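**Student:**
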Amino acid sequence: MNRPRFGRIVLVSSRAVLGLANRTAYASTKAGMLGLARTWALELASFGITTTSFAPGPIAETEMFDGVMSGNEQKLAAVTRSIRSDVFGSPADVARAVLFFTSPDASFVTGQTLYVCGGASVGSLVL
2 MNRPRFGRIV LVSSRAVLGL ANRTAYASTK AGMLGLARTW ALELASFGIT
52 TTSFAPGPIA ETEMFDGVMS GNEQKLAAVT RSIRSDVFGS PADVARAVLF
102 FTSPDASFVT GQTLYVCGGA SVGSLVL
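Taking the numbering used here, the leading residue of the sequence shown gets 2, the next gets one more, and so forth.
1) Can you tell me whether DSSP reads V117 as helix, strand or coil?
2) Which same chain residues end up closer than 6 Å to G8 when comparing Cβ atoms and leaving out the 5 residues on each side of it in sequence?
3) State buried or exposed for T115, treating a residue as buried only when at least 16 other CB atoms are found within 10 Å of its CB.
4) Checking the sheet assignment: what are the DSSP bridge partners for T53?
5) Can you find the residues in the same chain that come closer than 7 Å, C-beta to C-beta, to P92, ignoring five residues on each side of it along the sequence?
6) Exposed or buried, which one is L19 when buried takes at least 16 other CB atoms within 10 Å?
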């Protein structure tokens, strides 16, 4: 990435960085990724390399979502109520955001975290 003076680094974190009960290790390791993205943004910007992190919220159709939600209708209803858009995200929602931030069009964005979470990051998520 240094030689062509262009590169995109994408880190996939989690909405859990904002706090989630019983997820101490998970939330803290994902929060470390936000610091990593910001630090690399400072170190690599002069080489034309951007670093962005993504913090998805509840994304249906994933192994993690199914593992947490499978067979628990009460939990599923509580999480649905905590999402401002009232729908779960899909892997494609995250992929579309990542696609933009890896493109040349995103050259002025670095060191930032995008929450792809249907608004769950602006309120409380109950699991």
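C-beta atoms are modelled at their ideal positions from N, C-alpha and C, and glycine is treated no differently. As the structure is a prediction and not an experimental result, all values here were calculated from the model.
**Tutor:** On the basis of the data shown:
1) Three-state DSSP puts V117 in coil, outside helix and strand.
2) The residues M2, I50, in chain order, have a CB closer than 6 Å to that of G8 in the same chain once the five nearest residues on each side in sequence are set aside.
3) First, the residue type needs correcting, since residue 115 is Leu and not Thr in the sequence shown. Taking a 10 Å sphere around the C-beta of L115, we find 16 or more other C-beta atoms and assign the residue as buried.
4) Here T53 is bridged, per DSSP, to V11, Q113.
5) Only I60, E62, T63 meet the Cβ criterion.
6) Under this definition L19 is a buried residue.
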